[in-house]
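Going from the sequence shown to our numbering is simple: count from 1 and add 887. Just so you know, even glycine gets a beta-carbon here, dropped at the ideal spot from N, CA and C. These figures come from a predicted structure and were not determined experimentally. To start, the structure itself, in structure tokens.
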Amino acid sequence: MSSEERVKRLEEELKEKEKKIEELEKIIKAYEAVSEISRNELLDAYKTIEAQERASALTRAELMERDEVIEAEETVMEMSAEELRQAKREIMAREIVEELSRRELLDKDNIIKAMEIVSEMMSKDIREKDKIIQAFELAEDMARKELIEAKEELSARDKVLNLSEEERKETLDIVKAYENLEEYARIEKEEMIRTSRFLFEIFVKSLVELGYISKEKEKEVYEIGKKLADEKWYLHMPKIGKIDLPTAMKIIEAHEMVEELMRKEKIEMDNVLKAYEVLDEVKRKQFIELYSILSAYENLQSYISKNREFFDKVIKAYDNVQELDRKEKMDMDKTIKALEIVEELARQELIEKDKINEAYELAENFSRKELAEKDALVRAHEIVEELARQEIIQLRKIDEAHEIVEEMARKELEERDKIIDAYEKLTDYVREEMKKLKEPGK
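Structure follows, in structure tokens:
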């Protein structure tokens, strides 16, 4: 074989080596593409964090709405206190009526001897007392309705507490899910680090074997890689698919504060119910006293019927009775005025009840808004879950890309071994040919 043919073969081998170098460059580009995928993964992680921040903002808005609901309920409690004051005024007015009735009975004691003449007036008085009884019955019905409304409100408070407990459990489940996702991301990160170290070692060995790095610098390059690993540069990467635990704990503390406020509110409502029960007991005693007065009137009529002969003797005192009757009419006028005062107080009480109903409607509106905010929060969590799912898909793609890179690196090592073997054979052959060329010269 001539020297020109050998030179041509050497040139062909150089071209093959250049092709191998181009393949190595393609492998490096593929590795850069994997790095680009990792960068996209980080961008997705940033989007996930932004979605979590939006969810936290929705939670803060929900707490603000709950504060408004609590303020509205405090307004309702103040109105209930005003209603109790109105009830006290009503009781005072009824005491005035009872005092007038007591004076009326004292006057009746003075005209017992003329009771047959004024029996018609007594029947009229009884009819007036029937009206008072009807008023008391109406007041009892109103008090009973108020107790029913208070029980319904307590039931609504219990439902709100149950919803708060369920929401707190959902928040704990979300935190656990984020912790599991963080653990998965940590494991994936460690796998990436081990793969990167392995590829780095292969890459350095390839550079040394191809002559891009000398044997003396190989140790220095390894030390640089080890130093980077010891510095744990990967710990400074953004967190992937993880909510901050302090933020989650703050959310749980906020829920516990809301539950504590609801518990205090329930205690206050129990106190209001006790006050209503006391008021109902007072009304019941007043009804019993009024019934005693009616019984006294009936006993008085029975006494008059049994002692008719005695009362016949007192007809001569009719003139005095007329004077007493005039005074009684004056007392009745006072009683009528007191009843008008009672009716005015009852009308004001109805107005206060209308205000309380409006406040309850306002509280219901706030509750509806709170439910709407909860729906928005659920949608935000769904968005976060979708982003996390996409992130997992991206991680799987990264794993597939790493596997492709490893396969290409393995093939490149096999090709490199073949090139080295061919190069050694070529070197031996050239050495032998050079020896043969030198021998004739000798």
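query = Is the Cβ-Cβ distance between T962 and A1246 less than 8 angstroms?
reply = yes
query = Per DSSP, what kind of secondary structure is Y1099 in: helix, strand or coil?
reply = DSSP places Y1099 in coil when its eight states are reduced to three.
key: Nearest residue (CA-CA) to K1076, options R972, D1286, E1299   = D1286
request  = Just mark Q1021 as buried or exposed, buried being the case when its beta carbon has 16 or more other beta carbons within 10 Å.
outcome  = exposed
task = State the DSSP-derived secondary structure class of M1124, mapped to helix, strand or coil.
result = Model confidence at M1124 stands at a pLDDT of 40, short of 50, so the residue's coordinates are unreliable and nothing is read from them.
ask   = Any chance the stretch 1076 to 1090 sits against the stretch 1289 to 1300, with 3 or more Cβ pairs inside 8 angstroms?
value = yes
Residue from K1214, Y1178, M1149 whose Cα sits closest to the Cα of I957 = M1149
With 16 other Cβ atoms within 10 Å as the buried cut-off, status of F1085 = With fewer than 16 Cβ atoms within 10 Å of its Cβ, F1085 is classed as exposed.
message = So, at 7 angstroms on beta carbons, what are the nonlocal neighbours of L1274 in its own chain, with the 5 sequence-adjacent residues on each side left out?
response = D931, K934, T935, A938
task = With a threshold of 16 other CB atoms inside 10 Å of the CB of T1314, please say whether the residue is buried or exposed.
result = exposed
task = Check whether the Cβ atoms of D1212 and R990 lie closer than 8 angstroms to each other.
result = no
query = Is the distance from the Cβ of E1320 to the Cβ of R893 below 8 angstroms?
reply = Yes; because the gap between Cβ atoms is below 8 angstroms, this pair is in contact.
query = Out of curiosity, what's the CA-to-CA distance linking D1157 and E1052?
reply = 21 angstroms
ask   = With distances taken between CB atoms, is the gap from K907 to E1302 smaller than 8 angstroms?
value = yes
ask   = If you draw a straight line from the alpha carbon of E1257 to that of N1049, how long is it in whole angstroms?
value = 15 angstroms
query = Looking at V1095 and K1106, is the spacing between their C-beta atoms short of 8 angstroms?
reply = no
task = Taking only the alpha-carbon atoms, compute the straight-line gap between A838 and E912 and give it to the nearest angstrom.
result = Since the first residue of the chain shown is 888 and the last is 1329, residue 838 is not available in this structure.
ask   = What number of angstroms, rounded off, separates the C-alpha of R1014 from the C-alpha of E1236?
value = Going from the Cα of R1014 to the Cα of E1236 covers about 26 angstroms.
request  = Classify L901 as buried or exposed, calling it buried when 16 or more other Cβ atoms lie within 10 Å of its own Cβ.
outcome  = exposed
ask   = Comparing alpha-carbon positions, which option in S1042, I1279, M1144 lies nearest N927?
value = I1279
ask   = What separation, rounded to the nearest whole angstrom, lies between the Cα atoms of T1284 and I1074?
value = According to the sequence as given, residue 1284 is Lys; it is not Thr. The straight-line gap from Cα to Cα measures roughly 16 angstroms.
inquiry  = Less than 7 angstroms between C-beta atoms, sequence neighbours within five positions excluded: which residues of the same chain meet that for Y1109?
reply    = V1091
message = Please classify Q1209 as buried or exposed, where buried requires at least 16 neighbouring CB atoms within 10 angstroms.
response = By the neighbour-count rule (16 or more Cβ atoms within 10 Å), Q1209 is not buried but exposed.
ask   = Rounded to a whole number of angstroms, what is the C-alpha to C-alpha distance between V1317 and D1308?
value = Answer to the nearest angstrom: the Cα atoms are 14 angstroms apart.
request  = Say yes only if the C-beta of I1100 is nearer than 7 angstroms to one or more non-hydrogen atoms of the ligand ZN, and no if none qualify.
outcome  = By its list of ligands, the structure shown contains no ligand whatsoever, and the ligand ZN lies outside what it can speak to.
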